[in-house]
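First up is the structure itself, then whatever we jot down about it.
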Amino acid sequence: MRPPMPGSPPPGGNRPPASSSGSGGRDRALRVLAITAALVLVVGFAVAMINSGGSGSSPNVSPGDSVVPTTSKNTNQSTENTFAPVGDNWEDVARSVVYIEATGSACGWRGSGSIVGDGSLVLTNQHVAGDGECDLAVYLTDSTSATPTQSVRAEVVVSDSTVDLAIIQLFDSSGTPYVATGRTPLSLTAAVPKLGDKITILGYPGLGGSTITLTSGDFSGIDRSESYEYLKTTANMNPGVSGGSAFNSAKQLVGVPTAGRGAEIACDGNTDCVANGSTIGLLRPVSLAQQILTRANTKLGK
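Sequential numbering from 506 applies to the sequence shown in my numbering.
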């Protein structure tokens, strides 16, 4: 799930999704994907959380396992799941999910995010936001059936590669923090789901058009193979959904879609890549996201 880039056109088309990688912001999976047709990627980050961004180390993943980012340049993912339009009952929540583009000499990907805090902050993955080297544009939508067209500039407040989470802040054209009105900031207080609970993913995978899309599955447990845990889900997560929103049946945010375990990456030369095979979606829990938000608020004097 990596992000696209901020530009004049809204999400969609053939914008390259960004991929997440296990080394810390710049050496993204999008560079790794082009190396081989069946490359095992390690995206998660383990190690103790540090006070500011910084590099993380790759987790120990046993042979046969692969952690594949949900954002990667020119990446499409084959899937048996159908990407469904967001129904009316998800309309209000979906307005708080945004599309993010990252551009710049070292950037060029897309992803998703969630409006949190005071409404000027967006929670996303570190591999989507970068560490400050990218120009970020956040697209807002007022209708889940329409392509997002309102673009707002954003800057990184906190970016932590050890947990692959970041908080970015929106700014208007005058440089004043911009509060996204007409949508409710998402709370980061939900409890960990129970086994078998339904999980719904909202984000901008780039597949099936440029509007927000929804997939669903079950909560299938906790992955504690790293220092910082992932929540596991059977919900399909394709490139572009990185940094988006995972909800429980009560429409409470429970996690941040970050990676998938189990797929292989096949690349055609140095351009198009496809993730083949079934995956387990990996979510960073909101308990970790809350820590990142607290650090951002402290830094901003909130």
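Ideal Cβ positions, reconstructed from N, Cα and C, are used throughout, including at glycine.
- Classified as buried, aspartate 665 has 16 or more neighbouring CB atoms from the shown chains inside 10 Å of its CB.
- Rounded to the nearest whole angstrom, the C-alpha separation of isoleucine 727 and glutamate 734 is 7 Å.
- Around the beta carbon of alanine 755, fewer than 16 other beta carbons sit within 10 angstroms, so the residue counts as exposed.
- If you draw a 10 Å sphere on the C-beta of arginine 729, you find fewer than 16 other C-beta atoms in it, and that means exposed.
- Taken through DSSP and simplified to helix, strand or coil, leucine 641 comes out as strand.
- Here the C-alpha atom of alanine 642 lies approximately 5 Å from the C-alpha atom of glutamate 606.
- Residues Asp723, Phe724, Asn753, Ser754 of the same chain have their beta carbon placed closer than 8 Å to that of aspartate 702, with the five preceding and five following residues left out of the count.
- Taken atom to atom, the span from the alpha-carbon of threonine 689 to that of serine 732 is near 32 Å.
- Inside the region 624–706, DSSP marks whole beta strand (DSSP E) runs of 3 or more residues at positions 626–629, 640–645, 655–665, 670–676, from first to last along the chain.
- A straight-line Cα-Cα distance of about 16 Å links glycine 748 and isoleucine 785.
- Cβ-Cβ distances below 6 Å link alanine 740 to Ile704, Ile706, Thr720, Ser721, Gly722, Gly786 in the same chain, with the five nearest sequence neighbours on each side left out; the list follows chain order.
- The beta-carbon distance between proline 710 and glycine 765, rounded to whole angstroms, is 12 Å. This is too long to meet the 8 Å contact definition.
- It is roughly 6 Å from the alpha-carbon of alanine 801 to the alpha-carbon of valine 662.
- The residue from Gly680, Ala634, Gly708 with its alpha-carbon nearest to that of valine 598 is Gly708.
- The Cβ atoms of valine 602 and serine 750 lie closer than 8 Å to each other.
- Our two residues, threonine 686 and serine 610, have alpha carbons roughly 32 Å apart in a direct line.
- In the DSSP annotation of this structure, lysine 737 is not part of any alpha helix (DSSP H); the continuous beta strand (DSSP E) holding it starts and ends at 735–738.
- Threonine 654 sits exposed, since fewer than 16 C-beta atoms from the chains shown fall within 10 Å of its C-beta.
- The Cβ atoms of glutamine 674 and serine 619 do not sit closer than 8 Å to each other.
- Looking only at Gln631, Val759, Ser692, Glu638, the smallest Cα-Cα distance to cysteine 612 is reached by Glu638.
- If you look at glutamate 606, you'll find it in the beta strand (DSSP E) that goes 602–609.
- Cα atoms of threonine 738 and valine 759: separation of roughly 11 Å, rounded to the nearest angstrom.
- The criterion of a C-beta distance shorter than 8 Å is satisfied by threonine 646 and isoleucine 717.
- By the criterion of a C-beta distance shorter than 6 Å, threonine 649 is surrounded in its chain by Val591, Glu596, Ala599, Ile717, once the five residues flanking it on both sides are discounted.
- Between leucine 793 and proline 762, the C-beta spacing is not below 8 Å.
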